[in-house]
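Student:
Protein chains in written order, with our numbering: chain A, 205 to 543; chain B, 36 to 173.
1) Grab the span of the alpha helix (DSSP H) containing residue 159 (chain B) for me, first residue to last.
2) Give me the chain B residues within the contact set of residue 527 (chain A), using Cβ-Cβ distance strictly less than 7 Å, ordered along the chain.
3) Residues of chain B with CB under 8 Å from residue 460 (chain A), in chain order?
4) Just to make sure I have the definition right: I need the residues of chain A whose C-beta is within less than 8 Å of the C-beta of residue 48 (chain B). Which are they?
5) So what's residue 443 (chain A) in DSSP terms, helix, strand or just coil?
6) Which same chain residues end up closer than 6 Å to residue 215 (chain A) when comparing Cβ atoms and leaving out the 5 residues on each side of it in sequence?
7) Given a cut-off of 7 Å, decide if residue 163 (chain B) and residue 132 (chain B) are closer than it, judged by their beta-carbon atoms.
8) Determine which residues share a DSSP beta bridge with residue 503 (chain A) and list them.
9) Could you say which of A:458, A:509, A:473 lies nearest to residue 328 (chain A) if we only look at CA atoms?
10) List the DSSP bridge partners of residue 126 (chain B).
11) Spatial neighbours of residue 351 (chain A) within its chain, please: CB distance less than 6 Å, with the 5 preceding and 5 following residues excluded, ordered by chain position.
12) Give me whichever residues DSSP pairs with residue 319 (chain A) in a beta bridge.
13) What is the C-beta distance between residue 98 (chain B) and residue 160 (chain B), in whole angstroms, given that I count them as a contact (C-beta under 8 Å)?
14) Going by DSSP, what residue range makes up the alpha helix (DSSP H) through residue 298 (chain A)?
15) So, does the CB of residue 513 (chain A) fall closer than 7 Å to a CB anywhere in chain B?
16) Who are the Cβ neighbours of residue 358 (chain A) in its own chain at under 7 Å, not counting the five residues just before and after it?
17) When you compare each of B:71, B:148, B:154, B:123 to residue 137 (chain B) by their alpha carbons, which one comes out closest?
18) Using a Cβ cut-off of 7 Å, which residues of the stretch 449-480 of chain A contact any Cβ in chain B, in chain order?
19) Residues of chain E with CB closer than 8 Å to the CB of residue 94 (chain B), please, in chain order.
20) Starting from residue 140 (chain B), find everything on chain A with Cβ-Cβ shorter than 9 Å and list it in chain order.
21) Under 7 Å, do residue 75 (chain B) and residue 47 (chain B) count as touching if we go by C-beta distance?
22) Kindly say whether residue 103 (chain B), judged by its beta-carbon, lies nearer than 7 Å to any beta-carbon of chain A.
23) Taking just the CA atoms, how far does residue 333 (chain A) sit from residue 425 (chain A)?
24) Could you name the residues of the stretch 496-512 of chain A whose beta carbon sits closer than 9 Å to any beta carbon of chain B, in the order they occur along the chain?
25) Between residue 53 (chain B) and chain A, is the shortest Cβ-Cβ distance under 7 Å, so that the two count as touching?
26) State buried or exposed for residue 482 (chain A), treating a residue as buried only when at least 16 other CB atoms are found within 10 Å of its CB.
27) For residue 372 (chain A), which three-state DSSP category applies?
28) In this structure, how does DSSP classify residue 261 (chain A) when only helix, strand and coil are distinguished?
29) Write down the C-beta distance between residue 320 (chain A) and residue 421 (chain A) rounded to the nearest angstrom, noting that I regard them as a contact closer than 8 Å.
30) Going along chain A, which residues have a C-beta under 8 Å from residue 58 (chain B)?
31) Suppose you measure from the CA of residue 77 (chain B) to the CA of residue 460 (chain A); what does that come to, to the nearest Å?
32) Buried or exposed: residue 409 (chain A), going by 16 or more other Cβ atoms within 10 Å of its Cβ?
33) Who are the Cβ neighbours of residue 81 (chain B) in its own chain at under 8 Å, not counting the five residues just before and after it?
34) Should the stretch 54-73 of chain B be regarded as contacting the stretch 95-109 of chain B, the criterion being three or more beta carbon pairs within less than 8 Å?
35) Please classify residue 510 (chain A) as buried or exposed, where buried requires at least 16 other C-beta atoms within 10 Å of its C-beta.
36) Find the residues of chain B that neighbour residue 540 (chain A), judging by a C-beta separation of less than 7 Å, and give them in chain order.
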């Protein structure tokens with residue numbers, strides 16, 4: 205069962221209880237293009253006549269990097285961030301009970317704006333143009349704002365406070381090694397080589413900050429010259445801010461272009477980030493995180509193929525990732541050669 | 036590995052279960068039905084092409100032999116197969132050679148001063164295998 209085939213009456217009954225007002229489901233559409241969860245937009249009629257639009261996210265097992273995702277923690281984080289002034293969807297409730305949709309789900313307020321698929325021809329053209337305007341600045345400023353969140357004051361310690369110095373990077377590399385061991389089907393000497401290099405060059409964190417974990421243009425909503433929301437916080441953690449910058453600059457996020465996240469030249473991004481944060485980006489440490497994320501992305505690809513092969517999912521998009529695994533390996537190989 | 040049979044059947048199932056119900060144009064629907072039918076026939080006629088694996092296995096085995104001949108004991112030990120049996124198929128030979136290379140890489144990175152010269156050589160050999168993989172995808 206999913207959101208799209210759940211009987212209307214059952215949704216109305218549950219949402220009426222939760223919202224504490226009678227609502228009638230007028231329309232539902234699947235919005236999620238993501239690989240992991242099912243996301244739907246539900247439009248309700250209310251007695252006041254004012255329409256209500258909600259976004260429901262159904263968490264599914266058996267996809268990629270699920271070991272890093274805790275739906276309840278995500279809800280708690282968004283609840284905190286929505287009152288801290290960051291542009292995030294306003295969470296309404298989280299329901300761990302699979303009875304309604306077949307899995308735990310969360311409900312957030314709908315946000316205006318459009319998502320962009322960065323690697324589509326249209327997305328690529330849009331972002332290259334947008335990067336030359338205010339969105340090019342906003343993209344960097346928002347990341348700096350996330351990293352500037354006073355996580356102690358907001359009591360975000362539930363995300364897990366990393367050890368000092370090299371603690372965060374060491375833990376991440378160890379977790380990635382375990383992840384690879386769990387999902388690999390064939391030998392992966394290139395990835396093992398890269399992990400060896402990472403283990404050998406672990407940088408200390410200059411500071412501990414809230415990191416988004418998947419910050420990229422594909423996880424933002426755009427409207428005119430504004431970014432209306434930062435989405436997909438499921439990989440958020442407390443850690444080295446360079447963790448986010450490394451993913452932004454990762455080859456996976458600039459396929460076929462020199463623009464990071466299809467938006468900005470790398471040095472422009474880094475210079476603006478340094479200006480916004482008043483810090484200096486350690487380029488050597490940044491290269492570490494770029495390689496880390498490229499390996500992590502490759503391992504996610506491996507897991508996708510493994511999930512399909514084992515019958516855990518019939519999602520063809522995951523099978524497609526399996527077939528394109530050589531491209532992932534090539535990106536890792538390129539970084540190793542440049543190291 | 037996802038076998039061609041598994042992939043073709045999954046595509047066929049997706050066309051029939053997810054795509055067809057969403058298509059309203061009758062001409063397009065008949066194309067989807069025809070495509071699903073063709074995929075069903077291709078399942079019976081498609082086999083994994085492992086010719087590339089034979090080329091790759093040969094290159095990898097040559098390199099493994101060279102490293103074993105020239106290398107110190109830790110290299111030889113890492114390259115030794117735990118099972119001691121040689122696979123018969125090209126794909127099996129390639130995987131066995133890659134396993135040996137992976138053991139060697141992991142062992143080198145355990146050294147206080149890993150041999151970067153050998154690691155660079157290994158990367159060059161792995162790049163040749165990667166090029167063979169890349170030739171098989173669009």
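Where is the CB? At the ideal position from N, CA and C, for every residue including glycine. For clarity, every value in this text was computed on a predicted model and none was experimentally measured.
Tutor: For this structure:
1) 151-170
2) 172
3) Within 8 Å Cβ-Cβ: nothing; residue 460 (chain A) doesn't reach chain B, min ~14 Å.
4) Neighbours of residue 48 (chain B) across chain A, judged by C-beta separation under 8 Å: 518.
5) Here residue 443 (chain A) carries a strand assignment [DSSP, helix/strand/coil].
6) 229
7) no
8) None; residue 503 (chain A) has no bridge partner.
9) A:458
10) Residue 126 (chain B) pairs with nothing; no bridge assigned.
11) So the list reads 413, 445, once near-sequence residues are dropped.
12) A:425
13) 4 Å
14) Annotation for residue 298 (chain A): no alpha helix (DSSP H) segment contains it, though the beta strand (DSSP E) segment containing it runs 295-299.
15) Output row for residue 513 (chain A): interface = yes.
16) 284, 288, listed in sequence order.
17) B:154
18) Listed by position, the residues of the stretch 449-480 of chain A near chain B (Cβ gap below 7 Å) amount to none.
19) Looking for chain E here will not work: the only protein chains present are A and B.
20) 393, 394, 396, 397, 400
21) yes
22) no
23) C-alpha separation (whole angstroms): 16 Å.
24) 509, 512
25) no
26) exposed
27) In this structure, residue 372 (chain A) counts as helix in the three-state DSSP scheme.
28) strand
29) 6 Å
30) Going along chain A, no residue has its Cβ under 8 Å from residue 58 (chain B), so there is no contact; the nearest lies around 16 Å.
31) 34 Å
32) Residue environment analysis places residue 409 (chain A) among the buried positions, since at least 16 neighbouring C-beta atoms fall within 10 angstroms of its C-beta.
33) 39, 40, 43
34) no
35) Residue 510 (chain A) is buried by the Cβ-count criterion.
36) 158
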